[in-house]
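So the protein lines, in turn, are chains A and B.
Residue numbers 283 to 916, in our numbering, belong to the letters of the first sequence in order.
Residue numbers 8 to 109, in our numbering, belong to the letters of the second sequence in order.
Even glycine gets a Cβ: it sits at the ideal position worked out from N, Cα and C.
On a predicted model such as this, the values are computed, not experimentally measured, just so you know.
Below is one structure, written out as structure tokens, with a few remarks after it.
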Amino acid sequence: MEQAWLIPAIPAAAFVVLLIAGPYLPRRGDWLSIAAIGASFVLFFPVLFDLVDAINADHEGFVGGVKSWEWISFPGFEIDLGFFVDEITIVMLVVVSFVALMVQIYSVSYMHGDPRYGWYFAVMSLFAASMLTLVLADNLLLMYAAWEGVGFCSFLLIGFWWEKRSAAEAAKKAFVTTRIGDVGFLIGIIMLWREAGTFNIQEIIHFAENGGYDSTYLTAAVLFLFMGAIGKSGQFPLHVWLPDAMEGPTPVSALIHAATMVVAGVYMVARMLPVFVAADAVALDVVTVLGLVTVLMSATMGLAATDIKRVIAYSTLNSLGFMFVALGSQSVTAAMLYLFVHGFFKSLLFLGAGAVIHATEKQDVNELGGLAGKMPVTTLTFLLGVGAMVGIIPLSGFWAKDEVLTVTDSEQSVAIFALVLISVFITALYMTRLFILTFLFEPKDRHAADHAHEGGPLLTVPLILLAIPTVIGGLVVFDSVGEALGFPGGFGQFVWLEEPEKYKFHADIAVMSSAVAVAGVVTGWIAWQGKAELATRVRNAMSPVATLLSRRYYIDDIYQWGINNIVLGVSTIISWFDRVIVNDTGVDGSAGLSYFAGYEIKFTETGRLPNYALGIAAGVVIIGVLLLVFEVKI
Amino acid sequence: MIPINNFLVLSSVLFSIGMYGVLARRNAVLILMSVELMLQAVSINFITFAAYLDPENFTGIIFAVFVIVIAAAEVGLALAIVLRLFRNRQTANVDEADLMKW
């Protein structure tokens, strides 16, 4: 466990090598990037075994493994560069390293022939290093640094094809939008530090649990922290960047905008949840409500989106909102379990979509269809991903979703539970729609479908490898499975907030959620089968609603209006002040005055000796007269 | 003893003549000569005050000697410049040497 720092250090080193020597390496260095993340993935196992041993040896009092160096030290102000491993870290670590490895292998084929192939892998390495640092950081400041690092990599990769204007715009939008949240995150960190005098997460939690913070102050601080999570994890009202982020290469979407970076917010809140609990109940209510709003909003927007990647992006927002609802219900277990399985099935869905785009060069579902026969592996794995997202027993998504529903049922009001159930129905509806429109029935663009074919093994093997945890990943909830793997028990006994819990299967909730999910699938099948006659009719009958959904509730338009009128209006005034007052008057004005004065005065310099002589003589006389008049004694 | 005023008047008159020469003359050599007059007026002042106020010491007299030395050096230098001016411009009229301006 002492060597955990190597996990982010290896991809970081790979990035440096690729940056300097990348163009001179064979194959532009893609193997180096993959080897580095592979090494990180392998190194994960000794860390995991150490942790499990430590837990089994000392079950009750275990607080995680620590390794830290002194980073910055002033009298009274110290920052340590530290790495921390506990159960939450482990869950995140396996998702990040495994999905990153799969995605990078997939990228070798997907990005083949791209002019910036080497740069792509360099940034992927930097992203892996930043993300793993974020996961392992033991203090908020290091976490914040890594947090910005992943945001920067996300910016670079969304705008990877920056020649395309929409991609450049999307990258900018993502960066600026997440920055808004990041500012709040930083304020929250500073607020927590001001009282506790430390950035160390464990010490802050300890300080908060012992009532070190004033309740109102702490509530404000955690809400600022949550702002960072809102930005990064695409929660309402800062969710607008994530659908646009689909302009990046598809493997990037799979890695950054599905499995890893966007769940950083969930991870951070899960990590800081004891602090949230210590704060006023309002804090967790805000988490729940914003999560719920995001869930419902994204699910309905997913119904109307036509871009295959955007539909999956909305499903990601949906899942993230789901995790926040779980966190709002004070359940780290449910949130992290959902995060764990979501990382696999969502990146599977994205990589499947990437395979479709790779094969047909189309990504609008209205131009796809009928690919099932041409691309059996992609179709089957995609179907598994859809099943997991919908929550079909026994796929991994089912168990995770059930955990979330269980905690929502026990912790929240019936209304919230009902809304979550409705979102499950809508999720099933649009995921079915996506699958039908993409893979089944008559192709809408026969030419594209005819040329479609399964990609090489570099494309299909990662799909299959991701399909395995998609199918069986949820079984970790069972105590017997956990014990068989050497863990103290099921997921609930490994990751927990207050005390470990044995897994209990809630048949009523399972039946209810399954019924809702199946109803969604069946409704979707009826609506979109064949030529999607029912769906078309419903859409025509409710065209205002359809417009509302396809225009994304006009939120983007409202923001654009706000930017155009308020932000640009204020900045016009400020820029006028800067240009006219500060620059033209203050800077250029004083310089111009000197210039003008110098120009006028220079004509007194005639160059003629008698003038100067007269000047000297007159000066002496004047000084003499003045001395006499004022009777100055020398 | 001759009253001190006589010397001071002499010195003032000499100085004024010199100053008039400097201001009114256009020929560089004549200006230099006028400057010499002004310098000698100052020397007279020095010697006068030395003799009347502090006869035991030679402070003022030494100053006069310094003035003479410096005047000699200055004239040597200035005449060389005037010579160059005359060589280049065929004139020693200072009004025509007005290149050192804006």
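- Contact annotation: A/Ala552 and A/Ala617 have beta-carbon atoms nearer than 9 angstroms.
- Contact between A/Ile302 and A/Ala321 does not hold, since the beta-carbon distance rounds to 19 angstroms and is not under 8 angstroms.
- The alpha-carbon of A/Val686 is positioned some 58 angstroms away from that of A/Asn865.
- For a Cβ distance threshold of 7 angstroms, residue set Ala895 of chain A lies close to B/Val29, ordered along the chain.
- Residue nearest to A/Ile472 within the set A/Ala503, A/Ser497 and A/Ala456 is A/Ala503 (criterion: CA-CA distance).
- Residues Ala641, Ala731, Ala734, His735 and Glu736 of the same chain have their beta carbon placed closer than 8 angstroms to that of A/Lys656, with the five preceding and five following residues left out of the count.
- Proximity of chain B to A/Gly889 at the Cβ level (cut-off 9 angstroms) is accounted for by Ala104, Asp105, Leu106, Met107, Lys108 and Trp109, in chain order.
- Between A/Ala899 and B/Val29, the CB-CB gap stays under 9 angstroms.
- In terms of beta-carbon proximity, B/Met8 stays away from the interface with chain A, with every pair separated by 9 angstroms or more.
- In the DSSP annotation of this structure, B/Ile9 is not part of any alpha helix (DSSP H), being labelled neither H nor E.
- DSSP places A/Gly364 inside the beta strand (DSSP E), whose first and last residues are Phe359 to Val367.
- Annotation for A/Gly897: the continuous alpha helix (DSSP H) segment containing it runs Leu891 to Phe912.
- Listed by position along chain A, the residues whose Cβ is nearer than 8 angstroms to that of B/Val101 are Arg890, Leu891 and Pro892.
- Scanning A/Leu875, A/Ser580 and A/Phe467 for the CA closest to the CA of A/Met713 turns up A/Ser580.
- Only Met26, Val29, Leu30, Ala31, Arg32, Arg33, Ala35 and Ile38 from the segment 15-39 of chain B bring a Cβ to less than 9 angstroms from some Cβ of chain A.
- Each residue's CA atom was taken as its position, placing A/Leu831 and A/Val763 some 42 angstroms apart.
- In this structure the segment 611-628 of chain A touches the segment 740-759 of chain A; the number of beta carbon pairs closer than 8 angstroms is three or more.
- Under the three-state reduction of DSSP, A/Trp353 is assigned to strand.
- The C-beta separation of A/Val373 from A/Leu621 comes to about 7 angstroms, placing the pair in contact by the 8 angstroms criterion.
- Taking one beta carbon from each stretch, the segment 433-451 of chain A and the segment 525-535 of chain A have 3 or more pairs nearer than 8 angstroms; the two touch.
- Residue contact with chain B for A/Ala899: present (Cβ-Cβ distance below 9 angstroms to some residue of chain B).
- Nearest C-alpha to A/Leu602 among A/Leu423, A/Gly652 and A/Gly547: A/Gly547.
- Annotation for A/Val545: Leu621 place their beta carbon closer than 6 angstroms to its own, counting only its chain and skipping 5 residues before and after.
- 9 angstroms or more divides the Cβ of A/Trp523 from the Cβ of A/Ala586.
- In this structure, DSSP gives A/Asn846 a helical state, which the three-state scheme calls helix.
- The beta carbon of A/Met550 is closer than 6 angstroms to those of Ala511 in its chain, skipping five residues each way along the sequence.
- Linking B/Ile9 to A/Gly897 through their CA atoms gives a straight-line distance of about 36 angstroms.
- In this structure the segment 457-471 of chain A touches the segment 505-520 of chain A; the number of beta carbon pairs closer than 8 angstroms is three or more.
- Contact holds between the segment 645-654 of chain A and the segment 586-599 of chain A, because three or more Cβ pairs, one in each stretch, are under 8 angstroms apart.
- Using a Cβ distance threshold of 9 angstroms, A/Ile486 and A/Val417 do not count as a contacting pair.
- When DSSP assignments are scanned along the segment 630-717 of chain A, the uninterrupted stretches of alpha helix (DSSP H) that are 4 or more residues long and fall wholly within it turn out to be 658-672 and 678-693.
- In this structure, the straight-line span from the alpha carbon of A/Asp727 to that of A/Gly652 is close to 9 angstroms.
- Straight across, the Cα-Cα distance linking A/Leu666 with A/Pro357 is about 57 angstroms.
- Only residues of its own chain outside the window of five on either side were considered, and among them Val348, Lys349, Ser350, Trp351, Ala419, Asp420, Asn421, Leu424 and Asn482 have a CB closer than 8 angstroms to the CB of A/Gly364, listed in chain order.
- Take the alpha-carbon of A/Leu383 and the one of A/Phe327: they are about 15 angstroms apart.
- Taking 9 angstroms as the cut-off, the beta carbon of A/Ala801 is found no closer than this to the beta carbon of A/Ala809.
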